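Each residue of the sequence shown is one higher than the last, beginning at 1434 in this note's numbering.
Quick reminder that beta carbons are idealized off the backbone N, C-alpha and C, glycines included.
All values derive from a computational prediction rather than experimental measurement.
See structure below.
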Amino acid sequence: MRRNVLFVVLVVLISGCGGSDSSSDPNIGGGSGGGNSSDPLQQYINVSSQYTGVKSAANLDKSAVSRFMSAITMLQPELLPEYDDEQANTTELCADGGVAVLRPNAANTELAVLFTGCNDGGVVLNGDATFRVVRRNVAGDVIEGLMIYQDTVLSYDSAQFVLRGSIRQKDISNSCYAEQYLSNLLLSIQGTNEQWYFENFYDQRFGAYGQGCQSEGMQFRGRLYLSDVGFVDVTTPQLLKLPSMVYGLERQGHLAFTGVAGQTFSWQFKKSGTNSQPLYSHHFSLTGDNAFTYQYRANYLNTQMMTDFRDTDGDDMSDAWELNFGFDPQNASDALTDQDGDGFSNLEEFTYLGDPKDITVLPFIYELSVSLNHTPGRQSQLVYVSTPISHTFGSDAYTVELLYKTELPFQFSDQNYNCTVTGDRLEARCRIEYIQVSTQYEHSVSLEAPSSFINEIHAPISVSIHTLGLNTSLQTTASAVISRQAAEFNFTLTQPNPDIGSLLGIVGEQSSMTLKLSQSGLYDFVSSISVNVVMPDELGNSQVVCRQDVDWKQCANLVVAHGGATTDINITFTPASSGTGMGEIQIMVAESSEPAAIWSFPVISGQPASLLQQQIDSADEGIIIVPAEIYVGGLDLTAKKVTLQGENQQTYLLGKTNNDDYSLRQIRMDKGSEITGFSLANLSITIGSSGAALTSNRMAIPELLLEGNDILAQGSLTLKKNKFSTAALSHSFSWGNPISLCNRLRLQQNDSATPYNFVYENNLMVNDGMQANYCSPIYLEGGYLSRVEHNTISEIDEFINISPANETKVSRLLTRNNVFSAVTTAVALNFAMQNFDSQPDLKIEVLNNLFDQVVYPVRTGNVPYTLAASIMGAAGLNHAGIPLAGSAVIDTAASSAVTDDIFSQARPVDGNGDGQALSDIGAVERQN
């Protein structure tokens, strides 16, 4: 940088005059201004009392600002656009003419200077001055000095000033060359009473010409007085880096004057556009009642535009600009003419950085329209908002800014390119360097919200567009509502085989259930997911532990891993009393009180079936009344003929799956024993050769997610008035493995010449309104005299499948007065006559049955059978299997000797009111 012409060259010259003191007398220079009371130059150093003008803050307007800028640029000529930096390296005093006679004192601590027409850069000095050395370094170079002007006459730009005061120079360099100037100068304009006063005016400069420095530039701080106006405080909010000062660095800077009531005049140097297409411009503005704004392209700026802001004709174009382009500053009409014929007036060219005489340089007037587009984002991802910008008219747009605003819980991401966000990240200001006219441009920003929010969230967003010039669009703002989807977890909870949907325990004994929790498919990453298991405390004690790798730990202390890792959940339950309740497995997310996923499951505890076994073993043959209670385990009813009668169907007999003890689900029956009035589930029932009966039981318990029973008959079997469930339940843990409530009967007898009896009467098998399960409940191997009568069967695949072996001696089946609804095959004869060792006693009769949506009443190959008196059509039953009025089953049974129905209601009843009491087809007799 070129130094101030009033000072710097003398420092260079005197530094070579010898001397090696590292410091000098602190009184040299005198007092606060550099001298003391005996200093003969005191009157030229302390000049504050010699300023006699207005001492209050200045009221700024265009005229006042022009004068302050003229004053500061005279002291600091390098601020001017015409400033020539090439003389910065010269050591020649009075480079442009005249002489300066230098007379050092004997100690080489002071230098008297006599200027005679000394011209340097247009500033001409005449008269006396003194330079004092305040401090030298160890090499003898002057690093602090004081220049004292003793009523030196300064001529500049046709004006003459009497210059009195001092400039103190100090080297403040560290890693980068830096120096500081402190001016206390009083300038009196000859022939007038006007004074200029620079009070404690700091000029700090960083870097030197040709030397790169990170903070290279200059800054000012101090107060400048004009005697008839008052003072302004001078600051540089942004370091000044102008072409004449800093070689090769980005040009920038902000100089500010502050006057009365906070009035602020600003001179800012700005760069717009791209690095390849830069546009440098100067912006001059004043706030307050006399506000104005001027802006000039850098390549047009001259000294007059910087120092004269008057507008004589009031046409909103400065006089200096008008003179530069050949307009008349006293003719307001030229503001509305179009000198270059580009469609924009001279005033528009002035206001928006155009060139009124060059049709290729358009003013920055355009039409930029904005809108907002948004697609809801995934919970674990950023939310993106796009801003299409349509540029349809005018010049290319430089330095477009988009101001985005939103509200919590959304915040702008720090990842947005070329954007600055506020501390709370609720506003983002994004810069677009260049948008070409007649193009579409799309900007986008990303937002984020805390991952702890797992529900769908919404917030408003708005955008406004701001440009260097004038945007004539009517759509400069846009708003929308942004949203982020609820978290997708896709948790799967499964149970290893066998798949049951409840936890079943025996009072006083420990039971456990292990489940596997995993995530699959598409899911969001949310930190701090944990497992919480709630058990019905009133039933007993439970402990829940979890593991993901090796060690089991309390689930509350476990954080669910991601990436498909499986979490094992082991629930250990020791019942204290009988009963049922609901357990719940919850997936919790930190900072959210609501579970992210919930699975409910029944918890069942019952008395050990051994309590019943004790009664059976100690009782004589006959009836044993069993109180309504839950009993868990197996029984043996093979020693004698015993009827085990439940108090009601809230008397539960349940089998328990235990791979180590199959007896917990094994019921063995023989000697004609009977179980009646129970709810039976999850049991394996074996009938001995002497036979047994199951009467008026509920087979399978859907509400407790307990499956049906497997019955193996190796003797005679009677099933009467039982209600069978045919559903398949998709319970909490049934991912891919639903619970089947189908009851399966296998009658295993082939080679006996004395056949067993199988009676299946008044049983109800209806759809419970749950998922249908097309099971095949009855499998007859042969060797039975079977009677299947007055049953209502729905929603199954094959009802009876007869598959006798080649040694079967006899196989007879009477299927009569049954309702088959939504059954694929009522009777399947899966054998061929030629495969028998000898001709069996074979008789298959399917008589007087109603078939509703039945594909095959009888399906066979070459087996002889009788299918007669079939009724084809809608059965007319409600969901419970009860005939509705007008049902085809009413009073249509044939040859029926059955005296009651499944509900023990009398048969026959005149159900259709025709005066004839005939039995109904099916398990239920309609009662009028």
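The residues SER2011, GLY2039 and TYR2085, in chain order, have a CB closer than 6 Å to that of ILE2063 in the same chain once the five nearest residues on each side in sequence are set aside.
If you ignore the 5 residues before and after LEU1901, its C-beta comes within less than 6 Å of the C-beta of SER1705, PHE1797, TYR1831 and THR1832, all in its own chain and listed in chain order. Cβ atoms of VAL1959 and SER1813 come within 8 Å of each other, at about 7 Å. MET2015 is positioned such that its CB atom lies closer than 8 Å to that of PRO2035. Distance check between VAL2288 and each of VAL2279, SER2254 and ASN1965 places SER2254 closest, using alpha-carbon atoms only. A straight-line Cα-Cα distance of about 30 Å links THR2248 and GLY2079. Only residues of its own chain outside the window of five on either side were considered, and among them ALA2146, GLN2147, GLY2148, PRO2188, TYR2189, GLU2214, GLY2215, GLY2216 and TYR2217 have a CB closer than 8 Å to the CB of GLN2182, listed in chain order. Rounded to the nearest whole angstrom, the CA to CA distance from SER1944 to GLN1987 is 18 Å.
For the 8 Å CB-CB criterion, SER2303 and PRO2290 form a contact. Its chain contains VAL2192 and LEU2247 as the residues whose beta carbon lies nearer than 6 Å to that of ARG2220, once the 5 sequence neighbours on both sides are disregarded; these appear in chain order.
In the three-state reduction of the DSSP assignment, PHE2232 falls in the strand class. Closest option to LYS2156, judged by alpha-carbon separation, among HIS2164, SER2165, GLY2141 and ALA1689: GLY2141. Rounded to the nearest angstrom, the gap between the Cα atoms of PHE1845 and ARG1864 is 15 Å. Distance from GLY1686 to PHE1698 at the Cβ level is roughly 14 Å; contact not present, criterion being Cβ atoms closer than 8 Å. In the three-state scheme derived from DSSP, where H, G and I count as helix and E and B as strand, LEU1756 is classed as helix. For ALA1861, the enclosing beta strand (DSSP E) starts and ends at 1860-1868. A Cβ-Cβ distance of about 4 Å is found for the pair GLN1628 and SER1660, placing them in contact under the 8 Å criterion. Taking the CA atoms as reference points, ARG1730 sits about 48 Å from ARG1536. Contact annotation: the stretch 1490-1497 touches the stretch 1662-1676, with at least three C-beta pairs closer than 8 Å. Here GLY1560 is bridged, per DSSP, to PHE1548. DSSP places GLU2222 outside any alpha helix (DSSP H); the residue lies instead in the beta strand (DSSP E), whose first and last residues are 2217-2222.
Across the structure, ALA1562 and ASP1584 are spaced so that their CA atoms are roughly 8 Å apart. Contact annotation: ILE1898 and LEU1835 have beta-carbon atoms nearer than 8 Å.
Fully contained in the stretch 1730-1809 are the following alpha helix (DSSP H) runs of length 4 or more, in chain order: 1736-1740, 1752-1757 and 1779-1784. Excluding the 5 residues flanking it on each side, SER1951 has same chain C-beta neighbours closer than 6 Å at THR1925 and THR1999, in chain order.
Taking the Cα positions, ASN2196 is about 7 Å away from THR2225.
Look at THR1506 here: in three-state DSSP terms it is helix. Take ASP1553, set aside five residues on each side of it, and the residues of its chain with a beta-carbon closer than 7 Å to its own are VAL1438, CYS1527, ALA1528 and ASP1529, in chain order.
Beta bridge pairing from DSSP links ASP1957 with no other residue.
In this structure, VAL2279 and THR2299 form a Cβ contact; the two beta carbons are roughly 7 Å apart against a cut-off of 8 Å. If you draw a straight line from the Cα of THR2071 to the Cα of VAL1993, it comes to about 52 Å. For TYR1477, there is no enclosing beta strand (DSSP E); the enclosing alpha helix (DSSP H) has its first and last residue at 1475-1478. Taking a cut-off of 8 Å on C-beta distances, the stretch 1885-1899 touches the stretch 1800-1814, as three or more cross pairs fall below it. Using a 10 angstroms sphere on the CB of HIS1876, the tally of other CB atoms reaches 16 or more, which defines it as buried. Excluding residues up to 5 positions away in sequence, ASN2224 and ASN2282 lie with their Cβ nearer than 6 Å to the Cβ of ASN2251 in the same chain. Going by C-alpha positions, ALA2301 is about 15 Å away from SER2329.
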